[in-house]
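Right, one structure below, let's go through it.
Residue numbers (my numbering): 30 to 205.
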């Protein structure tokens, strides 16, 4: 059974405050066949469900594959869409498997995504056991505004141990 191990919000940074004005949200489903699932966020809309777009990422570049999905369907980068060409056009037939795109084209797409910048912002939430936890350093190569939210505190009942386990701290550090 798969579970969500990461979430990315894409939106715009507020020019005077922290936070994000969201455009879309994306979830990483793992423990089965990994998949990035993207949905638009219509804050204050009619509540109608929006179209879900599903991409099957490469394991080696799972986070960058998610950022590529945001570039194509969230930011709607014309350059990335043009590079994807026929792959993007035929995507409507089901989940896009990124292994089917050549390494050369994928690397070109990753490079292009690194130039996407302000006013776009992403917030990456990484839960325990997520594959993308080991890939977050790549975010330094990107020009987007970014906040990374790892697990700082966890309390969970461990079925195999028969007890509740706790780690981390709820003491928050603030900026000076």
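All residues carry an ideal CB built from backbone N, CA and C; glycine is no exception.
Rounded to whole angstroms, what is the Cα-Cα separation between residue i and residue j?
i, j, result
"residue 144", "residue 32", "31 Å"
"residue 57", "residue 35", "5 Å"
"residue 45", "residue 174", "14 Å"
"residue 162", "residue 153", "10 Å"
"residue 159", "residue 59", "8 Å"
"residue 197", "residue 182", "4 Å"
"residue 112", "residue 134", "7 Å"
"residue 155", "residue 62", "18 Å"
"residue 114", "residue 188", "48 Å"
"residue 203", "residue 110", "40 Å"
To the nearest whole angstrom, what separates the beta carbons of residue i and residue j, a pair I think is in contact under 8 Å?
i, j, result
"residue 185", "residue 194", "6 Å"
"residue 55", "residue 98", "7 Å"
By the 10 Å Cβ neighbour count, where 16 or more other Cβ atoms means buried, how is residue i classified, buried or exposed?
i, result
"residue 178", "exposed"
"residue 192", "exposed"
"residue 139", "buried"
"residue 42", "buried"
"residue 50", "exposed"
In terms of residues, what are the limits of the alpha helix (DSSP H) holding residue i?
i, result
"residue 57", "Not the alpha helix (DSSP H): residue 57 falls in the beta strand (DSSP E), residues 50-59."
"residue 135", "132-142"
"residue 164", "Counting along the chain, residue 164 falls outside any alpha helix (DSSP H), and DSSP gives it neither H nor E."
"residue 26", "The displayed coordinates of the chain run from 30 to 205. Any statement about residue 26 would go beyond what the structure contains."
Where do the ends of the beta strand (DSSP E) carrying residue i lie?
i, result
"residue 68", "64-69"
May I ask you to list the residues that DSSP assigns as paired with residue i?
i, result
"residue 177", "153"
"residue 84", "65 and 125"
"residue 35", "57 and 155"
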